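Asks: Count along the sequence shown from 1, then add 1004; that gives the number in the numbering used here.
Note that CB positions come from ideal geometry on N, CA and C, so glycine has one too.
Source: prediction; values computed, not measured.
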Amino acid sequence: MNKGFTLIEVLVALAIVGIIGVMSFAGLITTVKNNDITISRIDLMSKIVMADEILKRDLLHALDRIPRDERGESYGHSFYGLNPRFEGDLLAFSVHTGNNLMSKNGTIRFIRYTYEDESLKRIESNFVDKTEDTKEREQVLLKGVKNISIRFNQGNQWVEDWPLTEWTSNNGLPQVAEISYEVEGLGNVVRRYMLSFGDSL
């Protein structure tokens, strides 16, 4: 005659099943967390690549063209690059955007890159010579940015600010711009960009 399971055997079996279930659930949670981290890192990398491509495009199409402000007064130089101690503008210059017959905006526009609230932002004016009616479009390229810095190369000499000699006439464009920054969850990023209208190397 077959005997049934004793109460102890049933409890032991239930305990084993419970332990296996807890371990499986813990493993599932770990897998989900790792998946979330991977997705977050991929998203961050895609944003860095996008910011890099936008910077590359703008600097490649930078022009040695002095803009005017809202009062009609000309800037002293065509290209500005500064290292803000905390926040502020990093870059300011004119770019050629190409002909677009359907657009009411100018083909030459004024671009500013600014660092604010640990974010790298791009601000584009729809015309290079501003008026009171000139519109601006702001785009946040990257968040969680720290310790951002920029430097420029001209004639095999690296400098931290541009223009080289602000008190003289227009200094034109540098040959190379280098931007470095730290991103939360990734580390240090360093990128260099050629400027087409900078003096030849």
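(1) Are three or more beta carbon pairs between the segment 1137–1153 and the segment 1175–1192 nearer than 8 Å?
(2) From which residue to which residue does the beta strand (DSSP E) around Arg-1075 run?
(3) Apart from the five residues on each side of it in sequence, which residues of its chain come closer than 8 Å, Cβ to Cβ, to Tyr-1084?
(4) Could you tell me the distance, in whole angstroms, from the CA atom of Asp-1068 to the CA atom of His-1100?
(5) Got a sec, what are the start and stop residues for the beta strand (DSSP E) Lys-1150 sits in?
(6) Compare the beta carbon distance of Glu-1120 and Ser-1129 with 7 Å and say whether it is the shorter of the two.
(7) Using CA coordinates, which residue listed in Ile-1023, Leu-1059 and Asp-1047 is at the minimum distance from Gln-1143?
(8) Please report the Cβ distance between Lys-1134 and Arg-1089, rounded to the nearest whole angstrom; I am assuming they are in contact, meaning their Cβ atoms lie under 8 Å.
(9) Which two residues bound the contiguous beta strand (DSSP E) that contains Asp-1093?
(10) Give me the Cβ distance between Asn-1175 and Thr-1169, rounded to the nearest whole Å; I'm assuming they're in contact under 8 Å.
(11) Determine the direct distance from the alpha carbon of Ser-1078 to that of Asp-1206, and round the result to whole angstroms.
(12) Hey, quick one: how far does the beta strand (DSSP E) through Gln-1161 stretch, first residue to last?
(13) Considering only the alpha carbon of each residue, which of Ile-1024, Leu-1190 and Gly-1076 lies closest to Arg-1045?
(14) By a C-beta neighbour count over all protein chains shown, 10 Å radius and 16 as the cutoff for buried, is Val-1132 buried or exposed?
(15) Where does Asp-1062 land, buried or exposed, given buried means 16+ other C-beta within 10 angstroms?
(16) Taking the alpha-carbon positions, what's the Leu-1145 to Ile-1052 distance?
Replies: In this structure, then:
(1) Contact between the segment 1137–1153 and the segment 1175–1192 is present, because at least three Cβ pairs lie under 8 Å.
(2) Looking up residue 1075 in the sequence shown gives position 71. Arg-1075 -> no beta strand (DSSP E), and no H or E assigned at all.
(3) If you number the sequence shown from 1, residue 1084 lands on position 80. Cβ neighbours of Tyr-1084 beyond the five flanking positions: Asp-1093, Leu-1095, Ala-1096, Phe-1097, Trp-1166 and Pro-1167.
(4) For this step, residue 1068 is matched to residue 64 along the sequence shown. For this step, residue 1100 is matched to residue 96 along the sequence shown. If you take the alpha carbons of Asp-1068 and His-1100, they lie about 10 Å apart.
(5) If you number the sequence shown from 1, residue 1150 lands on position 146. Segment 1149–1158, the beta strand (DSSP E) holding Lys-1150.
(6) In the sequence shown, residue 1120 corresponds to position 116, counting from 1. In the sequence shown, residue 1129 corresponds to position 125, counting from 1. In this structure, Glu-1120 sits away from Ser-1129, with a CB-CB distance that is not shorter than 7 Å.
(7) For the purposes of this step, residue 1143 is taken as the residue at position 139 of the sequence shown. It is Leu-1059.
(8) For the purposes of this step, residue 1134 is taken as residue 130 along the sequence shown, with counting starting at 1. For the purposes of this step, residue 1089 is taken as residue 85 along the sequence shown, with counting starting at 1. Wrong, their Cβ atoms sit about 26 Å apart, outside the cutoff.
(9) The count along the sequence shown starts at 1 and reaches residue 1093 at position 89. Where Asp-1093 is concerned, the enclosing beta strand (DSSP E) stretches over 1092–1100.
(10) Position 171 of the sequence shown, counted from the first residue, corresponds to residue 1175. Position 165 of the sequence shown, counted from the first residue, corresponds to residue 1169. A Cβ-Cβ separation of about 6 Å places Asn-1175 in contact with Thr-1169 under the 8 Å criterion.
(11) Only positions 1005 to 1205 of the chain appear in the structure, and residue 1206 is not among them; the question remains open.
(12) Position 157 of the sequence shown, counted from the first residue, corresponds to residue 1161. 1161–1163 is the extent of the beta strand (DSSP E) around Gln-1161.
(13) Here residue 1045 corresponds to residue number 41 of the sequence shown, with the count starting at 1. Each of Ile-1024, Leu-1190 and Gly-1076 was checked against the Cα of Arg-1045, and the nearest Cα belongs to Leu-1190.
(14) The residue given as residue 1132 occupies position 128 in the sequence shown. Per the 10 Å Cβ criterion, buried.
(15) Sequence index remark: in the sequence shown, residue 1062 carries index 58 (1-based). The residue is buried, with at least 16 neighbouring Cβ atoms inside 10 Å.
(16) As a working mapping, residue 1145 is identified with position 141 in the sequence shown. As a working mapping, residue 1052 is identified with position 48 in the sequence shown. Roughly 8 Å between the two C-alpha positions.
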